[in-house]
Structures are given as structure tokens and as C-alpha cells.
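J.: Before I ask anything, let me first share the structure, which is written out below as C-alpha cells.
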Amino acid sequence: MMPALSPRQVQAASAELSSSGLIRLVSEIDDHGAIPLRTLSCTLADLTREQIRQAIGQADRLGLLDRSHAGLGLTPAGGGLADLYDASARWARRHDSPAPVCDFAERIRHTFALLGETSSDPGLTAGETDAEFGRARRLLAEWICTHQPRQICGDLGIAA
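This is the structure we're talking about:
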């Protein structure tokens, strides 16, 4: 059984993992495979060089990147985060959250904000919304418990 997480842990993880650059980098690698370093600025053309540099630094600190001869790929932690991003975006898209027309990263940031707000009290109506949102919450909790990056968990600890 997975230990319960404190609301502060979920909020900290939601905030740490909601960077637009990180979302773009992880999602692009997940969708298309390893990205050669020399093509990063072309592949992530909507990001500045500084945003790309920050995203790579953050991904390295979180243990998300595998640097192979093919370029930047994802570690198991990166793949798990990509799955979490996909589940979050799917829930948000299905519920027009935060708006009917919205980009992928904004949907994820909005869902993560909701996950952080509702970490101790589900407060959603019964039915499909609960199941989908609950899956995103479960994936976030599993990711935290499995990978426990110090930047997220720090000295907050895991609630018993």
C-alpha cells in the first residue's frame, strides 16, 4: 500500500512539475523519442534558449533525462511524469478545463493546481470526473512516492 501524502507534498510537487518548459520537454521526448541536443531549439521552437536551458536543468535535477548517444531521452521517472501529464491533460480536455480552447501545458498546469488544492479533500461529484481526476491524483502520488526528489519532498516527509 502506498503511504498517504501530506497536502503540502502534493502542492509542492504540483508547483515543481508545472513549469511550461518542463512540460514541453518531457512531452516532446515522450511523443517523439530522444531529441538530439543540436536540434533542441528547432524542436522546442516556442521556447527561448533560456527556457530550454531551465527546463533541461530542472529535468536533470529531477532525474527525468537519459543522456544517450541519440540525445535527450526519458528515464523511468521521466516516462512516469509523461504518463501523469497525459492523464492530467486528458481529464482537463474532457472537462473543458480551464477553458474549451486551451494548450496542452495550460491544461496540465490547471489540473495540477486543482490537485494541489484538493489533495486532502476530493470534493468532486460522483461519476466519471472522480475516476479520471482520481487517476491523475493517484499517478501524482505514485510518482512522488517512487521517485521522491528532494526538491519536492524536502523535509516535509510522508504522512503515515
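Take 1486 as the starting number for the sequence shown in this note's numbering and just add one per residue. The beta-carbon is built from N, C-alpha and C at its ideal position, and this holds for glycine as well. For clarity, every value in this text was computed on a predicted model and none was experimentally measured.
Less than 8 Å between the CB atoms is what I'm expecting for Ala1621 and Leu1569, so what's the real figure, rounded?
T.: About 7 Å; that satisfies the 8 Å criterion.
J.: Taking C-alpha atoms, which residue in Ala1489, Val1495 and Ser1491 lies nearest to Gly1601?
T.: Considering only alpha carbons, the answer is Val1495.
J.: Could you give the first and the last residue of the continuous alpha helix (DSSP H) run that contains Asp1568?
T.: Looking at the DSSP string, the run of the alpha helix (DSSP H) that includes Asp1568 is Pro1561 to Arg1579.
J.: For Asp1531, name the three-state secondary structure that DSSP assigns.
T.: Three-state result, Asp1531: coil.
J.: Mind checking whether Leu1557 and Leu1522 have CB atoms under 8 Å apart?
T.: In contact: Leu1557 and Leu1522 (Cβ atoms closer than 8 Å).
J.: Provide the residue span of the alpha helix (DSSP H) that contains Ser1505, from first to last.
T.: Where Ser1505 is concerned, the enclosing alpha helix (DSSP H) stretches over Ser1505 to His1517.
J.: Counting pairs of beta carbons, one from the stretch 1502–1513 and one from the stretch 1536–1552, are three or more of them closer than 8 Å?
T.: Judged by Cβ distances under 8 Å, the stretch 1502–1513 makes contact with the stretch 1536–1552, as three or more pairs qualify.
J.: Use the C-beta contact count for Glu1617: other C-beta atoms within 10 angstroms, 16 or more gives buried, fewer gives exposed.
T.: Answer is buried; the Cβ neighbour count reaches 16.
J.: 8 Å is my cut-off, CB to CB: does Arg1523 come that close to chain D?
T.: Here there is only one protein chain, and chain D is not present.
J.: Would you tell me roughly how many angstroms separate the C-alpha atoms of His1595 and Arg1534, rounded to the nearest one?
T.: Looking at the two C-alpha atoms, the distance is approximately 25 Å.
J.: For Arg1592 versus Ala1577, is the C-beta distance shorter than 8 Å?
T.: Contact: yes.
J.: Go ahead and pull the three-state DSSP assignment for Ser1491.
T.: Coil.
J.: Looking at the structure shown, is Ala1553 part of a helix, part of a strand, or coil, going by DSSP?
T.: Per the sequence shown, the amino acid found at residue 1553 is Ser instead of Ala. In this structure, Ser1553 counts as strand in the three-state DSSP scheme.
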